[in-house]
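Numbering (the numbering used here), first residue to last: -17 to 211.
Beta carbons: idealized from backbone N, C-alpha and C, even for Gly.
Below is one structure, written out as structure tokens; the observations come after it.
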Amino acid sequence: MSDRRRVVITGVSRGLGLALAEGFAHEGHVVFGCARSSVGIDALRNRLPPPHAFAVIDVSRDDQVGRWAAWVLAEAGPPDLLVNNAALINANATLWNVPPDEFAQLIAVNVNGIYHVVRHFAPAMIQRGRGVIVNFSSGWGRAVAAEVAPYCATKWAVEGMTRALAEELPAGMAAVPLNPGIIRTEMLESCFGSDAAAYPGPERWAQKAVPFLLNLGPRDNGRPLTVPS
């Protein structure tokens, strides 16, 4: 295809990340993805063979992200689209009952992880002068709910960090904080229980999300957007 894109996605072993990886690949784009699950990555390698490439990476580890990014950049060059999807949610609990280790892990993945990925990929994208960085926020990055305060805190941080990043990028690029919407994933089920069944699954969501993401450009820089339902 004439408009073949290089797409980098974190958290590709399940949920939205997996649906995006398969959706972009189906449209003819080349996907480079990472996740912590070796089982999930092995399964994805079998479903999406080269030129797609997937690695076992913990985005909370700057050293791991740095080595992975260096490989991707050497292999394929700067991505056209960088999607920071990897995230965790806390088990439902009032803030004072959330264990310190659990709170710290959410910050490490949901906030530090995005910083690590941007830190290692953005300079090459900036040098080329184009590319879109999409950092997944949430409805709970613009509103709040009881018993998910740590998750809300991280997603509000994503909103602010991304909009500040947008101010730093050169013309021709974009950074977008994106609310993916309410999708039936393991994460949603952990919060909503059986009520999660009322929402669309990742595969159905990706049918709209993939073209929406591909259509993002410099005009969207800094805009807090939501994938159409």
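Asked                                                                                                          : Found
Identity of the residue in Phe118, Leu77, Thr76 nearest methionine 143 by Cα                                   : Phe118
Inter-stretch contact at 8 Å, needing at least 3 Cβ pairs: the region 26 to 37 / the region -4 to 14           : yes
Cβ-Cβ separation, asparagine 66 to valine 99 (assumed contact under 8 Å), whole Å                              : 6 Å
Nearest candidate by alpha-carbon position, reference glutamate 185, set Arg(-14), Arg(-12), Asp(-15), Arg(-4) : Arg(-4)
Candidates Arg205, Ala128, Ile96, Val192, of which the one nearest methionine 155 by Cα                        : Arg205
Contact set for aspartate 62: own chain, Cβ-Cβ below 8 Å, skip 5 residues either direction                     : Arg(-13), Arg(-12), Val(-11), Arg112, Gly113, Val114
Beta bridge counterpart(s) of asparagine 117 as assigned by DSSP                                               : Asn66, Pro159
For threonine 136, three-class secondary structure by DSSP                                                     : helix
CA-to-CA distance, asparagine 28 to glutamate 141, given in whole angstroms                                    : 35 Å
For leucine 151 and isoleucine 108, the rounded distance between their alpha carbons                           : 7 Å
Start and end residues, beta strand (DSSP E) containing isoleucine -12                                         : The sequence shown places arginine at residue -12, not isoleucine. Here the beta strand (DSSP E) through arginine -12 covers -12 to -8.
For alanine 104, the three-state DSSP class (helix, strand or coil)                                            : helix
Limits of the unbroken beta strand (DSSP E) element including valine 13                                        : 12 to 17
Glycine 5 beta carbon less than 8 Å from that of alanine 17                                                    : no
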